[in-house]
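Chain order of the listed sequences is A and B.
Just so you know, we're using the numbering used here here: the first sequence kicks off at 1 and counts up by one.
Just so you know, we're using the numbering used here here: the second sequence kicks off at 575 and counts up by one.
Note that beta-carbon positions come from the ideal geometry of N, C-alpha and C, so glycine has one too.
Comments concern the structure below.
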Amino acid sequence: MPHAASHTTEEHHEPTGFWSRYIFSQDHKVIAIQYTITALVVGFVGLFLSWLMRLQLGFPGEFNFINPNNYLQFMTQHGMIMVVYLLTAILLGGFGNYLIPLMIGTRDMAFPFLNMLSYWIYLVSVILLLAAFFVPGGPTGAGWTLYPPQSVLPNASPGADWGIRLLILSLAVFVASGTMGGLNYVTTVLQLRTRGMTLMRMPLSVWGIFIASILALLAFPALFVGGVMLLLDSLFGTSFFIPVVNVLGQQLGREGGNPILFQHLFWYFGHPEVYIVILPAMGIVSDLLSTHARKPIFGYKAMVISIAAIAAIGFIVWAHHMFVSGMNPYFGFWFAIATVIIAIPSAVKTYNWLLTLWKGNLHLNTPMLFALGFVSTFIIGGLTGLFLGNVIADVPLHDTYFVTGHFHLVMGVSAIFGIFGGLYHWFPKAVGRMYSEALGKLHFWVTFVGSYLIFFPMFGEGFLGLPRRYFSFKGIESFSPIIHDLNVFITIVALAVGAAQLLFVFNLIWGAWKGRKAEANPWRATTLEWQTPTTPPPHGNWGAQLPVVHRWPYDYSLPDAPQDYIPQTTSQRS
Amino acid sequence: MQGILLAIVLVLLVIGAVVLTMSGALWLPTLASNWGAIDNMLVITLIVTGIAFVVLNLILAYIVFRYRARDGQKAAFFAENHRLERNLILVTALGIIVMLGPGLFVYSEFIHPPQNALVIEVLGQQWRWSFRYPGTDGKLGRTDPKLFAQNAVGIDITDPVAQDDVVVHGPLHLPLNRPIIIKLRSKDVLHSFYVPEFRAKMDAVPGMVTRLWFTPTKTGTFDLLCAELCGTAHFQMRSKVIVESPEEFERWLQAQPTVAQTIKK
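Have a look at this one:
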């Protein structure tokens with residue numbers, strides 16, 4: 001231990017054994033990497049499932065192993081994996097863990113043991129999730145929204161017995177893991193900021209993750225409660241969500257439940273969930289744009305306020321997913337108004353990103369390209385949301401491919417661009433080596449252009465009236481033949497874009513193994529994580545002395561300064 | 575190099591989106607109901623969001639072209655401009671009001687069906703649609719989900735009003751130019767009544783009755799689809815809608831057997 005002599009009392013004791021260092025580690029950086037790798041692996045399962053769906057849609061009848069049942073199962077698992085087990089886990093568990101302590105200048109999370117537990121419980125939830133592929137009946141095919149009655153009534157949809165139960169169990173375990181993580185992130189941000197790191201000097205990445213963690217703590221309980229009741233309806237024949245029904249000629253002894261109640265519970269979680277994913281991505285992108293454009297973020301305070309505003313309003317818009325659900329039609333007025341109001345803080349963020357770039361000095365390396373890609377896909381994703389939020393315009397488009405295109409661009413592609421950008425950006429710090437810039441750029445171009453080619457045509461399909469979650473469109477005369485051509489085209493691009501993700505995997509593995517040694521601060525960035533004594537940062541992050549913060553994180557290109565960046569640790573006078 | 579390339583791709587994206595939209599190849603199917611106001615809302619929304627899409631992406635393209643890193647270039651330092659921020663918020667709010675105002679107005683029409691409408695009941699079940707018309711008395715008989723055990727549509731056969739009701743399992747015949755209220759029921763799981771040409775759409779929820787209304791304005795045959803995932807054969811849960819002149823409709827309806835004739839007590 002090189003700096004053993006200067007240990008201060010607050011420093012953690014560095015574990016020495018292999019197991020405690022790399023496996024059951026309590027170091028936030030190791031946990032972050034564990035989260036990231038696990039989430040990416042399960043994300044590749046989700047990607048593979050999307051290929052199977054696209055094969056069916058592009059070439060119906062060509063692949064006999066895909067049938068209406070397993071098509072719905074692929075679809076459901078794809079959605080659930082991507083939203084919860086990839087995006088949420090990697091952004092909070094991965095980026096949250098890595099960035100919070102390093103960016104606010106502390107040695108670790110407030111509760112390192114809880115942090116470790118959070119990862120291992122997340123792993124259990126992933127195993128439960130994937131186990132559903134191996135139980136009788138397979139995983140549930142009720143759609144990631146799990147709407148009852150079809151999700152829990154025997155024979156009503158594929159996987160309506162063991163599949164749904166395992167999934168609910170997995171989600172409950174995930175909620176437990178997420179709660180441990182979330183409590184940790186919130187406490188750490190509130191309690192452990194180093195000297196000088198006021199809240200309004202925190203980088204926007206931390207703001208995004210911090211607010212998203214609060215959202216998670218408030219939103220996930222609704223999913224938990226809904227899940228528990230759904231599980232009871234499935235296991236013990238209760239009727240929380242099941243009214244009098246007659247399935248395939250059989251009258252079931254259920255009475256008094258309301259299917260719409262579940263939809264309210266689900267979306268009370270489900271809508272904030274969108275922001276749990278997108279706020280950290282927004283924060284990361286803000287930091288990437290500022291750093292690689294060598295310019296301070298424009299309107300920092302407005303950015304922080306917008307994050308908080310989006311989060312707060314995000315809790316009162318959930319029923320815009322239910323405009324044609326049969327809920328009280330007067331709800332439509334309120335939920336439409338609240339929904340489109342969210343467009344204002346979202347637009348403020350977009351304007352401020354563009355103004356951050358304006359008159360900058362844009363270094364268009366891989367992280368920057370992905371951050372710019374995020375801005376573009378967020379624009380189209382956000383704008384198409386205005387169709388769906390404005391209740392009457394939602395009616396014809398609801399449950400069509402327009403919706404599929406919208407949410408994929410705004411929370412799938414945008415969020416994953418934020419993640420890719422962030423992974424490339426912090427890779428040199430986390431690993432100590434550089435990835436291949438050429439491969440990274442290739443990865444960006446295929447993914448960026450490909451994403452538009454996949455999802456943009458879906459807006460057109462939605463306008464044509466194509467309903468989503470359809471195994472096949474054969475025999476529907478009103479759909480023009482153009483739909484078949486579009487589906488072939490989308491499938492081919494989707495296969496190519498999916499395959500291109502192997503470039504990313506190869507790049508990270510090759511980079512970590514053979515990449516050029518990284519400098520401590522290759523991007524000449526101002527934030528604390530780039531000012532650690534060694535790269536990768538040691539256990540405890542800072543050596544003997546915690547850093548002291550003297551300025552906000554965006555002092556790029558100050559007039560009269562000798563360099564185009566001034567680290568947060570540099571005092572105001574020097 | 576990357577900057578120029580990205581600028582070109584973004585400009586191509588904008589051109590492609592505008593051309594694709596203008597070409598009309600990916601536009602709504604021809605309207606066959608009174609809901610032209612919904613189409614107008616889509617057009618207004620498309621114009622407002624389209625302008626924002628084009629302007630923002632072109633600005634982004636300009637930025638990555640103009641401010642890509644080159645030798646000797648320095649970034650400017652500015653981090654705030656309250657007046658600009660306020661004006662941008664005002665413009666955004668204006669755009670939103672232009673969409674939301676008329677949108678809520680049309681929605682209010684959508685949830686207030688006219689008085690003189692013909693009420694038809696649509697029943698969804700895995701995986702087919704059934705339709706029930708009031709007979710000569712103009713009223714639909716009583717139903718109860720518990721009665722599904724007794725007959726296929728859960729109708730109360732002892733109700734005198736129910737006797738002259740007409741139940742068919744497709745296609746759905748509708749008279750031209752008369753407002754129709756569709757009362758939706760489901761026997762088992764969620765379904766959703768969806769005819770793309772009518773624009774209107776509503777879920778069928780077991781245990782309750784939901785409704786929507788429209789006036790067919792074009793004769794012809796249309797596809798009725800299910801728009802809410804309802805299990806394995808969701809994609810095959812289809813029926814036809816035949817819109818015909820009121821006379822043809824009446825003739826067709828008269829020819830159908832009534833509930834009293836088809837369902838045993």
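Do you know how far the Cα of residue j is from the Cα of residue i?
| i | j | result |
| --- | --- | --- |
| R21 (chain A) | L620 (chain B) | 55 Å |
| T404 (chain A) | G381 (chain A) | 11 Å |
| A649 (chain B) | M615 (chain B) | 43 Å |
| P536 (chain A) | K517 (chain A) | 11 Å |
| I731 (chain B) | K720 (chain B) | 13 Å |
| F176 (chain A) | L166 (chain A) | The sequence as given places Ala at residue 176 (chain A); Phe does not occur at that position. Straight-line Cα distance between these residues: approximately 15 Å. |
| G540 (chain A) | E14 (chain A) | 8 Å |
| L354 (chain A) | G677 (chain B) | 30 Å |
| I633 (chain B) | W701 (chain B) | 50 Å |
| L383 (chain A) | A347 (chain A) | 9 Å |
| N184 (chain A) | L217 (chain A) | 11 Å |
| G253 (chain A) | S414 (chain A) | 46 Å |
| Q250 (chain A) | K761 (chain B) | 10 Å |
| K775 (chain B) | G227 (chain A) | 28 Å |
| F220 (chain A) | P280 (chain A) | 17 Å |
| I589 (chain B) | S170 (chain A) | 45 Å |
| D613 (chain B) | N328 (chain A) | 24 Å |
| H271 (chain A) | Q830 (chain B) | 47 Å |
| A302 (chain A) | F378 (chain A) | 18 Å |
Give me the Cβ distance between residue i and residue j, rounded to the nearest whole Å; I'm assuming they're in contact under 8 Å.
| i | j | result |
| --- | --- | --- |
| A691 (chain B) | P749 (chain B) | At roughly 11 Å, the Cβ-Cβ gap does not stay under 8 Å, so A691 (chain B) and P749 (chain B) are not in contact. |
| G181 (chain A) | P158 (chain A) | Contact flag wrong, Cβ pair sits at about 32 Å. |
| Y435 (chain A) | G515 (chain A) | 6 Å |
| P259 (chain A) | L764 (chain B) | 6 Å |
| R201 (chain A) | V549 (chain A) | 6 Å |
| G332 (chain A) | V245 (chain A) | In fact, because the Cβ distance is near 27 Å, the residues do not count as touching under 8 Å. |
| Q563 (chain A) | T527 (chain A) | In fact, because the Cβ distance is near 15 Å, the residues do not count as touching under 8 Å. |
Would you identify the three-state DSSP class for residue i, choosing helix, strand or coil?
| i | result |
| --- | --- |
| A834 (chain B) | helix |
| G598 (chain B) | coil |
| H3 (chain A) | Its pLDDT being 40, under 50, H3 (chain A) is placed unreliably in this model, and the value from its coordinates should be taken loosely. In the structure shown, H3 (chain A) sits in coil (DSSP, three-state: anything other than H, G, I, E or B). |
| A309 (chain A) | helix |
| L674 (chain B) | helix |
| E14 (chain A) | coil |
| I633 (chain B) | helix |
| L581 (chain A) | In the structure as shown, chain A begins at 1 and stops at 574. Residue 581 (chain A) is therefore absent and cannot be evaluated. |
| W787 (chain B) | strand |
| N390 (chain A) | coil |
| Q699 (chain B) | strand |
| M575 (chain B) | coil |
| K775 (chain B) | strand |
Which residues in the same chain have their Cβ closer than 8 Å to the Cβ of residue i, if we skip the five residues on either side of it in sequence?
| i | result |
| --- | --- |
| F236 (chain A) | none |
| L600 (chain B) | L594 |
Taking its Cβ as the centre, do 16 or more other Cβ atoms sit within 10 Å of residue i, making it buried, or is it exposed?
| i | result |
| --- | --- |
| G646 (chain B) | exposed |
| R107 (chain A) | buried |
| N608 (chain B) | buried |
| P2 (chain A) | Because the pLDDT at P2 (chain A) is just 38, under 50, the model does not fix this residue reliably, and the value given afterwards should be weighed accordingly. The residue in question, P2 (chain A), is exposed, as its Cβ has fewer than 16 Cβ neighbours within 10 Å. |
| A606 (chain B) | buried |
| D555 (chain A) | buried |
| H28 (chain A) | buried |
| T8 (chain A) | The predicted model places T8 (chain A) with a pLDDT of 45, which falls under 50 and marks its position as unreliable, so this point remains unresolved. |
| K757 (chain B) | buried |
| P367 (chain A) | buried |
| L664 (chain B) | exposed |
| F62 (chain A) | Checking the displayed sequence, the identity of residue 62 (chain A) turns out to be Glu instead of Phe. That one is exposed. |
| L464 (chain A) | buried |
| D596 (chain B) | For the sequence presented, residue 596 (chain B) should be read as Met rather than Asp. M596 (chain B) should be labelled exposed. |
| V340 (chain A) | buried |
| K349 (chain A) | buried |
| Y330 (chain A) | exposed |
Between residue i and the rest of its own chain, which residues show a CB-CB distance below 7 Å, the 5 nearest in sequence each way excluded?
| i | result |
| --- | --- |
| K474 (chain A) | P60 |
| M71 (chain A) | Inspection of the sequence shows that residue 71 (chain A) is occupied by Tyr rather than by Met. Taken in chain order, the residues that qualify are M53, Q56, F471. |
| T139 (chain A) | Strictly speaking, residue 139 (chain A) in this sequence is Pro, with Thr absent from that position. The residues are Q73, T76, Q77, A132, F133, G159, G163, L167. |
| I685 (chain B) | none |
Beta-carbon within less than 6 Å of residue i's beta-carbon, same chain only, minus the 5 sequence neighbours each way: which residues are those?
| i | result |
| --- | --- |
| M322 (chain A) | Q263 |
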